[in-house]
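See structure below.
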Amino acid sequence: GQRPFLNDLDDYMGMMEALSGRVTLPLSGLMTLPLSGCVTLGFAPHSLRAVTPDMLRAIASRPGPKHMHLAEQRREVDECLAATGLRPAAWMLENGFTGPDWVFIHSTHLDDAEVAGLAASGAVAGLCPQTEASLGDGTFRLPHWQGALGIGSDSQVCLDPAQELRQLETSQRLLLEARAVATSDAAPHPARNLLDRALAGGARAAGAPIGGLAPGLRCDFVELDQDHPDMLGLEGDAALDAWVFGPGRGVVKTVAVAGRVVVEAGQHVAAPAIRQCYQAAVREIWA
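Structure below.
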(Lines of atoms letter the chains of each structure in order from A; the text may use other names.)
(Lines give C-alpha, C1' and ligand atoms only; values in the text may rest on other atoms or scores of the structure.)
Protein backbone atom coordinates (compact mmCIF):
# COMPACT_ATOMS: atom_id res chain seq x y z
CA GLY A 115 0.00 0.00 0.00
CA GLN A 116 0.90 3.67 -0.15
CA ARG A 117 1.64 4.28 3.51
CA PRO A 118 2.16 8.07 3.18
CA PHE A 119 -1.59 8.28 2.58
CA LEU A 120 -2.05 7.08 6.17
CA ASN A 121 -0.76 10.37 7.61
CA ASP A 122 -3.31 12.35 9.57
CA LEU A 123 -3.17 16.14 9.62
CA ASP A 124 -1.14 16.36 12.84
CA ASP A 125 1.46 13.89 11.57
CA TYR A 126 1.74 15.69 8.27
CA MET A 127 2.10 19.14 9.81
CA GLY A 128 4.64 17.74 12.28
CA MET A 129 6.69 16.35 9.41
CA MET A 130 6.60 19.71 7.63
CA GLU A 131 7.67 21.48 10.81
CA ALA A 132 10.61 19.12 11.23
CA LEU A 133 11.70 19.58 7.63
CA SER A 134 11.54 23.37 7.88
CA GLY A 135 14.19 23.24 10.62
CA ARG A 136 16.79 21.59 8.38
CA VAL A 137 19.48 23.80 6.90
CA THR A 138 21.11 21.39 4.45
CA LEU A 139 19.98 18.72 2.06
CA PRO A 140 22.48 15.82 1.93
CA LEU A 141 22.25 13.78 -1.26
CA SER A 142 23.41 10.27 -0.30
CA GLY A 143 26.63 11.73 1.05
CA LEU A 144 27.65 12.83 -2.44
CA MET A 145 27.16 16.54 -2.01
CA THR A 146 25.33 18.92 0.26
CA LEU A 147 23.14 21.75 -0.95
CA PRO A 148 21.88 24.48 1.38
CA LEU A 149 18.13 24.42 1.75
CA SER A 150 18.01 28.19 1.86
CA GLY A 151 17.53 29.38 -1.70
CA CYS A 152 17.72 25.89 -3.23
CA VAL A 153 14.77 23.99 -1.82
CA THR A 154 11.29 25.31 -1.09
CA LEU A 155 9.04 23.36 1.22
CA GLY A 156 5.49 23.07 -0.03
CA PHE A 157 2.36 21.06 0.60
CA ALA A 158 1.15 18.17 -1.53
CA PRO A 159 -2.33 16.92 -0.70
CA HIS A 160 -2.46 14.10 -3.22
CA SER A 161 -5.97 14.54 -4.59
CA LEU A 162 -9.60 14.90 -3.58
CA ARG A 163 -9.58 11.13 -3.14
CA ALA A 164 -6.96 11.32 -0.39
CA VAL A 165 -7.83 14.32 1.80
CA THR A 166 -10.79 15.85 3.59
CA PRO A 167 -12.05 19.44 3.27
CA ASP A 168 -10.69 20.16 6.77
CA MET A 169 -7.23 19.02 5.69
CA LEU A 170 -7.37 21.27 2.65
CA ARG A 171 -8.47 24.23 4.77
CA ALA A 172 -5.51 23.72 7.12
CA ILE A 173 -3.07 23.53 4.23
CA ALA A 174 -4.60 26.45 2.32
CA SER A 175 -3.94 28.78 5.25
CA ARG A 176 -0.20 28.08 5.21
CA PRO A 177 2.32 29.95 3.02
CA GLY A 178 4.13 28.11 0.27
CA PRO A 179 3.19 26.24 -2.91
CA LYS A 180 0.45 23.61 -2.81
CA HIS A 181 0.62 20.82 -5.38
CA MET A 182 -2.37 18.55 -5.94
CA HIS A 183 -3.45 16.05 -8.59
CA LEU A 184 -6.64 17.26 -10.26
CA ALA A 185 -8.89 15.62 -12.85
CA GLU A 186 -6.15 13.33 -14.11
CA GLN A 187 -8.54 10.66 -15.39
CA ARG A 188 -12.20 10.57 -16.39
CA ARG A 189 -12.85 8.08 -13.60
CA GLU A 190 -11.81 10.70 -11.04
CA VAL A 191 -14.25 13.18 -12.54
CA ASP A 192 -17.08 10.64 -12.48
CA GLU A 193 -16.37 9.64 -8.87
CA CYS A 194 -16.23 13.26 -7.73
CA LEU A 195 -19.51 14.02 -9.47
CA ALA A 196 -21.11 11.03 -7.75
CA ALA A 197 -19.76 12.01 -4.32
CA THR A 198 -20.18 15.80 -4.37
CA GLY A 199 -22.29 16.71 -7.38
CA LEU A 200 -19.38 18.69 -8.79
CA ARG A 201 -16.42 17.99 -11.02
CA PRO A 202 -13.03 18.09 -9.18
CA ALA A 203 -11.90 21.49 -10.48
CA ALA A 204 -15.38 22.96 -10.00
CA TRP A 205 -15.37 21.71 -6.39
CA MET A 206 -11.99 23.34 -5.74
CA LEU A 207 -13.17 26.61 -7.28
CA GLU A 208 -16.45 26.65 -5.36
CA ASN A 209 -14.68 26.00 -2.05
CA GLY A 210 -11.95 28.57 -2.62
CA PHE A 211 -9.05 26.14 -2.85
CA THR A 212 -7.22 27.79 -5.71
CA GLY A 213 -5.04 30.80 -6.40
CA PRO A 214 -1.48 31.76 -7.34
CA ASP A 215 0.14 29.35 -4.87
CA TRP A 216 -1.84 26.32 -6.07
CA VAL A 217 -0.38 23.95 -8.68
CA PHE A 218 -2.86 21.49 -10.14
CA ILE A 219 -1.04 18.47 -11.47
CA HIS A 220 -2.31 17.01 -14.77
CA SER A 221 -5.55 19.05 -15.00
CA THR A 222 -6.38 16.79 -17.92
CA HIS A 223 -10.17 16.70 -17.88
CA LEU A 224 -11.41 20.27 -17.43
CA ASP A 225 -14.50 21.79 -18.98
CA ASP A 226 -14.61 25.35 -20.34
CA ALA A 227 -15.73 26.92 -17.06
CA GLU A 228 -13.02 25.11 -15.10
CA VAL A 229 -10.32 26.13 -17.58
CA ALA A 230 -11.38 29.77 -17.33
CA GLY A 231 -11.82 29.70 -13.55
CA LEU A 232 -8.51 28.07 -12.69
CA ALA A 233 -6.56 30.28 -15.10
CA ALA A 234 -8.24 33.43 -13.79
CA SER A 235 -7.39 32.44 -10.21
CA GLY A 236 -3.69 32.45 -11.05
CA ALA A 237 -3.23 28.72 -10.45
CA VAL A 238 -0.50 26.83 -12.30
CA ALA A 239 -1.24 23.77 -14.42
CA GLY A 240 1.46 21.21 -13.61
CA LEU A 241 1.70 19.02 -16.69
CA CYS A 242 3.39 15.62 -16.90
CA PRO A 243 3.02 14.87 -20.62
CA GLN A 244 4.97 11.61 -20.75
CA THR A 245 3.15 10.10 -17.78
CA GLU A 246 -0.22 11.26 -19.10
CA ALA A 247 0.53 9.64 -22.46
CA SER A 248 1.99 6.48 -20.92
CA LEU A 249 -1.01 5.94 -18.64
CA GLY A 250 -3.54 6.88 -21.29
CA ASP A 251 -4.94 9.65 -19.10
CA GLY A 252 -5.85 12.03 -21.87
CA THR A 253 -4.56 15.30 -23.30
CA PHE A 254 -4.42 18.70 -21.62
CA ARG A 255 -6.39 21.46 -23.35
CA LEU A 256 -3.33 23.53 -24.16
CA PRO A 257 -4.82 25.88 -26.79
CA HIS A 258 -7.61 26.84 -24.38
CA TRP A 259 -5.36 27.39 -21.35
CA GLN A 260 -4.29 31.03 -21.04
CA GLY A 261 -2.85 30.65 -17.54
CA ALA A 262 0.51 29.61 -16.12
CA LEU A 263 1.87 26.13 -16.72
CA GLY A 264 4.88 24.07 -15.73
CA ILE A 265 6.15 20.59 -16.50
CA GLY A 266 7.22 17.67 -14.34
CA SER A 267 7.97 14.01 -14.72
CA ASP A 268 5.56 12.38 -12.20
CA SER A 269 7.80 9.34 -12.64
CA GLN A 270 11.30 8.03 -12.10
CA VAL A 271 11.39 6.60 -15.63
CA CYS A 272 12.61 9.73 -17.40
CA LEU A 273 13.80 13.08 -16.08
CA ASP A 274 14.22 15.06 -19.27
CA PRO A 275 12.52 18.44 -19.70
CA ALA A 276 13.09 18.43 -23.46
CA GLN A 277 11.23 15.13 -23.80
CA GLU A 278 8.36 16.44 -21.66
CA LEU A 279 8.01 19.55 -23.84
CA ARG A 280 8.23 17.45 -27.00
CA GLN A 281 5.50 15.11 -25.75
CA LEU A 282 3.31 18.08 -24.79
CA GLU A 283 3.45 19.50 -28.31
CA THR A 284 3.26 16.12 -30.05
CA SER A 285 0.17 15.08 -28.08
CA GLN A 286 -1.55 18.29 -29.12
CA ARG A 287 -0.71 17.66 -32.77
CA LEU A 288 -2.14 14.15 -32.61
CA LEU A 289 -5.32 15.30 -30.88
CA LEU A 290 -5.98 18.36 -33.02
CA GLU A 291 -4.57 17.06 -36.31
CA ALA A 292 -2.53 20.24 -36.60
CA ARG A 293 1.12 21.24 -36.66
CA ALA A 294 3.06 23.67 -34.48
CA VAL A 295 0.21 24.00 -31.97
CA ALA A 296 2.19 25.92 -29.34
CA THR A 297 2.97 28.84 -31.63
CA SER A 298 1.62 32.26 -32.45
CA ASP A 299 2.54 35.15 -34.73
CA ALA A 300 4.53 36.63 -31.85
CA ALA A 301 6.15 33.29 -30.93
CA PRO A 302 6.61 31.20 -34.10
CA HIS A 303 8.96 28.65 -32.52
CA PRO A 304 7.13 26.05 -30.39
CA ALA A 305 10.17 25.18 -28.27
CA ARG A 306 10.74 28.82 -27.28
CA ASN A 307 7.06 29.36 -26.53
CA LEU A 308 6.73 26.21 -24.42
CA LEU A 309 10.05 26.71 -22.65
CA ASP A 310 9.28 30.31 -21.70
CA ARG A 311 5.88 29.32 -20.33
CA ALA A 312 7.32 26.32 -18.47
CA LEU A 313 10.11 28.39 -16.92
CA ALA A 314 7.71 31.07 -15.68
CA GLY A 315 5.14 28.59 -14.40
CA GLY A 316 7.79 26.28 -13.01
CA ALA A 317 9.26 29.10 -10.95
CA ARG A 318 5.82 29.74 -9.49
CA ALA A 319 5.30 26.04 -8.83
CA ALA A 320 8.66 25.78 -7.08
CA GLY A 321 8.06 28.94 -5.07
CA ALA A 322 11.63 29.96 -5.84
CA PRO A 323 13.42 32.93 -7.45
CA ILE A 324 14.27 31.02 -10.62
CA GLY A 325 13.13 30.83 -14.23
CA GLY A 326 15.58 33.11 -16.03
CA LEU A 327 18.89 34.93 -16.01
CA ALA A 328 18.20 38.27 -14.36
CA PRO A 329 19.30 40.25 -11.30
CA GLY A 330 17.75 38.86 -8.14
CA LEU A 331 17.15 35.38 -9.54
CA ARG A 332 19.11 32.32 -8.51
CA CYS A 333 21.94 31.51 -10.90
CA ASP A 334 20.58 28.36 -12.55
CA PHE A 335 21.38 27.69 -16.19
CA VAL A 336 21.73 24.99 -18.84
CA GLU A 337 24.32 25.26 -21.61
CA LEU A 338 23.75 23.36 -24.86
CA ASP A 339 26.69 21.95 -26.80
CA GLN A 340 26.95 23.96 -30.02
CA ASP A 341 29.45 21.42 -31.39
CA HIS A 342 27.00 18.53 -31.07
CA PRO A 343 26.02 17.17 -34.53
CA ASP A 344 22.35 18.01 -33.90
CA MET A 345 23.20 21.64 -33.12
CA LEU A 346 25.67 22.52 -35.86
CA GLY A 347 24.79 25.73 -37.68
CA LEU A 348 21.88 26.48 -35.35
CA GLU A 349 21.46 29.33 -32.90
CA GLY A 350 18.77 31.09 -30.93
CA ASP A 351 15.25 29.72 -31.16
CA ALA A 352 16.22 27.28 -33.92
CA ALA A 353 18.71 25.68 -31.52
CA LEU A 354 15.98 25.33 -28.90
CA ASP A 355 13.74 23.65 -31.47
CA ALA A 356 16.54 21.19 -32.25
CA TRP A 357 17.04 20.40 -28.56
CA VAL A 358 13.34 19.83 -27.86
CA PHE A 359 12.26 18.16 -31.09
CA GLY A 360 15.51 16.51 -32.17
CA PRO A 361 17.17 13.43 -30.65
CA GLY A 362 18.17 15.53 -27.64
CA ARG A 363 20.58 13.03 -26.07
CA GLY A 364 24.01 14.45 -25.35
CA VAL A 365 23.07 18.02 -26.25
CA VAL A 366 23.24 19.35 -22.67
CA LYS A 367 26.83 20.35 -21.93
CA THR A 368 26.69 22.22 -18.61
CA VAL A 369 24.16 22.59 -15.80
CA ALA A 370 24.57 24.96 -12.86
CA VAL A 371 22.39 25.24 -9.76
CA ALA A 372 22.76 28.33 -7.56
CA GLY A 373 25.98 29.13 -9.38
CA ARG A 374 27.44 25.69 -8.72
CA VAL A 375 28.26 23.52 -11.73
CA VAL A 376 26.68 20.07 -11.27
CA VAL A 377 26.99 18.82 -14.87
CA GLU A 378 30.20 19.43 -16.79
CA ALA A 379 31.02 18.19 -20.31
CA GLY A 380 27.70 16.32 -20.27
CA GLN A 381 28.57 14.37 -17.11
CA HIS A 382 27.33 14.89 -13.57
CA VAL A 383 30.27 15.85 -11.36
CA ALA A 384 29.36 13.07 -8.92
CA ALA A 385 28.38 10.49 -11.56
CA PRO A 386 30.66 7.63 -10.39
CA ALA A 387 29.49 7.91 -6.79
CA ILE A 388 25.85 8.29 -7.84
CA ARG A 389 26.10 5.17 -10.00
CA GLN A 390 27.68 3.20 -7.17
CA CYS A 391 25.01 4.25 -4.65
CA TYR A 392 22.23 3.49 -7.13
CA GLN A 393 23.60 0.03 -7.90
CA ALA A 394 23.87 -0.75 -4.20
CA ALA A 395 20.29 0.39 -3.59
CA VAL A 396 18.90 -1.70 -6.46
CA ARG A 397 20.80 -4.79 -5.33
CA GLU A 398 19.39 -4.34 -1.83
CA ILE A 399 15.85 -4.02 -3.17
CA TRP A 400 16.16 -7.19 -5.25
CA ALA A 401 18.08 -9.18 -2.64
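If you're matching positions, the sequence shown starts at 115 in the working numbering and goes up one per residue. The beta carbon of each residue, even a glycine, is placed where N, CA and C say it ideally should be.
The Cβ neighbour count for L331, taken over all protein chains shown within 10 Å, is under 16; the residue is labelled exposed. Counting the other Cβ atoms within 10 Å of the Cβ of M129 gives fewer than 16, which makes it exposed. As the crow flies, the alpha-carbon of M345 is around 47 Å from that of E131. Under a 10 Å Cβ-count criterion, Q286 is classified as buried, with 16 or more other Cβ atoms of the shown protein chains found around its own Cβ. Contact between the segment 303-317 and the segment 334-344 is absent: fewer than 3 CB-CB pairs across the two stretches fall below 8 Å.
In the three-state DSSP reduction, M182 falls in the strand class (E or B).
Inclusion of H183 and I219 in the CB contact set at 8 Å is warranted, their separation being smaller than that value. Annotated three-state conformation of A356 is helix, per DSSP.
Between the segment 204-222 and the segment 232-247, the count of C-beta pairs closer than 8 Å reaches three or more; the two stretches touch. Shown here, I219 sits in a strand according to DSSP, grouped into three states. Using a Cβ distance threshold of 8 Å, A322 and T166 do not count as a contacting pair. If you check the CB distance, A328 and L338 do not come in under 8 Å.
When DSSP states are grouped into helix, strand and coil, T245 belongs to the helix group. Counting every other CB atom within 10 Å of its CB across the protein chains shown gives V191 a total of 16 or more, marking it as buried. Beyond the five residues adjoining it in sequence on each side, A262 comes within less than 6 Å, by CB distance, of V238, G315, R318 in the same chain, given in chain order. With a contact defined as Cβ atoms closer than 8 Å, T198 and W205 qualify at about 5 Å. For I399, the enclosing alpha helix (DSSP H) covers residues 385-400. The alpha-carbon of R188 is positioned some 27 Å away from that of N121. Straight-line measurement puts the Cα of R163 at about 17 Å from the Cα of A172. Under a 10 Å Cβ-count criterion, G231 is classified as buried, with 16 or more other Cβ atoms of the shown protein chains found around its own Cβ. Under the DSSP assignment, T368 falls in the beta strand (DSSP E) whose first and last residues are 366-371. Residue state for H342 is assigned as coil, using DSSP reduced to three classes.
Taking the CA atoms as reference points, V377 sits about 21 Å from A320. Here G325 really is in contact with L313; their C-beta atoms are around 4 Å apart, less than 8 Å. The segment 298-336 contains, as complete alpha helix (DSSP H) runs of 4+ residues, the segments 304-320 (chain order).
Distance check between L224 and each of D215, L207, P214 places L207 closest, using alpha-carbon atoms only.
The residues L155, in chain order, have a CB closer than 7 Å to that of S134 in the same chain once the five nearest residues on each side in sequence are set aside. A straight-line Cα-Cα distance of about 30 Å links K367 and S298. Annotation for R374: the continuous beta strand (DSSP E) segment containing it runs 374-378. Cβ contact annotation for D355 (same chain, cutoff 6 Å, sequence separation greater than five): H303, A305, in chain order.
Nearest to V375 by alpha-carbon distance, out of A174, D334, G360, is D334.
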